[in-house]
Amino acid sequence: MGFFMGNKKRVTFADLLGFSLVSVVEISPRNSFPDICLSQKHPVKPIAAIKRRYFTCSFEQPVDKDDFLERVKRQHVCLESVVCDKVIVRGFVRVLNIAYRKEVSVRYTMDGWKTFHQEYADYLSTSRDGNTDTFFFRIPAPTISQSTCKVEFAICYRVEGNEYWDNNILKNYTVCLVSEE
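Numbering of the sequence shown is given in UniProt numbering, commencing with residue 1 and proceeding in unit increments.
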């Protein structure tokens, strides 16, 4: 049997059936209902002001430098760019295409390398140019109440049993999480 089974579909508008096509809702000002509005005698105390937190980048985007591709060839790995957001740092990494199997990660710290975290980067399949590959990583905002926090990071590229690092020429890449006062 067919889906329609011989039945035709019909559209009927509300006005043809005697209903209105428009409904009007009147909104009255707050002072029309003084008994349900908060009185000035009992003002609401504001909850502690919510501070807007966001990341700021403290280095020039590597991809904007004239020697970017030379650095990729020389180091085998180079941070391409970073996008700082309110709650996350997103980064792109370019690696020399040495072998099919490879691993890229970002190692980061919020306490001057007393402790660190590691996040693995994802391969971007649209990035193939034959000589290099691009990977994408994320660093989440710390869940701490400090108004300012420095996040340092470096990129690690593992391929064919070798490890290559990009640590911003021994300075580490740094982003800061700041709060507006």
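A virtual CB, placed ideally from N, CA and C, is assigned to each residue, including glycine. Here the structure is a predicted model, which is why all the values come from computation and not from measurement.
With distance defined between alpha-carbon atoms, name the residue in the options nearest to residue i.
{"i": "His76", "options": "Cys176, Arg52 and Asn131", "result": "Asn131"}
{"i": "Gly161", "options": "Ala99, Arg94, Gly91 and Ile27", "result": "Ala99"}
{"i": "Val82", "options": "Arg71, Leu69, Ile27 and Phe135", "result": "Phe135"}
{"i": "Trp165", "options": "Glu152, Glu180 and Ser105", "result": "Ser105"}
{"i": "Pro142", "options": "Ser179, Val93 and Arg158", "result": "Ser179"}
{"i": "Arg107", "options": "Ile155, Lys86, Asp64 and Leu96", "result": "Ile155"}
{"i": "Leu124", "options": "Phe137, Phe116 and His117", "result": "Phe137"}
{"i": "Trp113", "options": "Val151, Ile139 and Lys65", "result": "Val151"}
{"i": "Lys171", "options": "Ile27, Asp64 and Ser58", "result": "Ser58"}
{"i": "Tyr54", "options": "Cys84, Tyr120 and Glu163", "result": "Cys84"}
{"i": "residue 183", "options": "Lys65, Ile27 and Ile139", "result": "Because the chain is modelled from 1 through 181, residue 183 falls outside the range shown and cannot be assessed."}
{"i": "Asp133", "options": "Ile27, Glu80, Thr56 and Asp67", "result": "Glu80"}
{"i": "Val175", "options": "Thr126, Asp111 and Val159", "result": "Asp111"}
{"i": "Glu119", "options": "Phe68, Asp64, Ile88 and Val72", "result": "Ile88"}
May I ask you to list the residues that DSSP assigns as paired with residue i?
{"i": "Gln118", "result": "Arg107"}
{"i": "residue 189", "result": "As shown, the chain starts at 1 and ends at 181. That puts residue 189 outside it, with no answer to give."}
{"i": "residue 198", "result": "Residue 198 falls outside the range modelled here, since the chain spans only 1 to 181, and no answer is possible."}
{"i": "Val95", "result": "Val77 and Asp133"}
{"i": "Pro140", "result": "Ile88"}
{"i": "Leu177", "result": "Phe55 and Cys149"}
Residue i by DSSP, collapsed to three states: which one?
{"i": "Lys86", "result": "coil"}
{"i": "Phe59", "result": "coil"}
{"i": "Arg71", "result": "helix"}
{"i": "Met1", "result": "Unreliable placement is indicated for Met1, whose pLDDT of 46 sits below 50; no coordinate value is reported for it."}
On the CB-based measure, 16 or more other CB atoms within 10 Å of its CB, does residue i come out buried or exposed?
{"i": "Ile169", "result": "exposed"}
{"i": "Leu177", "result": "buried"}
{"i": "Pro62", "result": "buried"}
{"i": "Phe92", "result": "buried"}
{"i": "Phe153", "result": "buried"}
{"i": "Glu70", "result": "exposed"}
{"i": "Phe3", "result": "Unreliable placement is indicated for Phe3, whose pLDDT of 46 sits below 50; no coordinate value is reported for it."}
{"i": "Tyr157", "result": "buried"}
{"i": "Arg94", "result": "buried"}
{"i": "Arg101", "result": "exposed"}
Is it the case that the CB of residue i approaches a heavy atom of the ligand GTP more closely than 8 Å?
{"i": "Gln61", "result": "Because no ligand of any kind appears in the structure shown, any question about the ligand GTP cannot be addressed here."}
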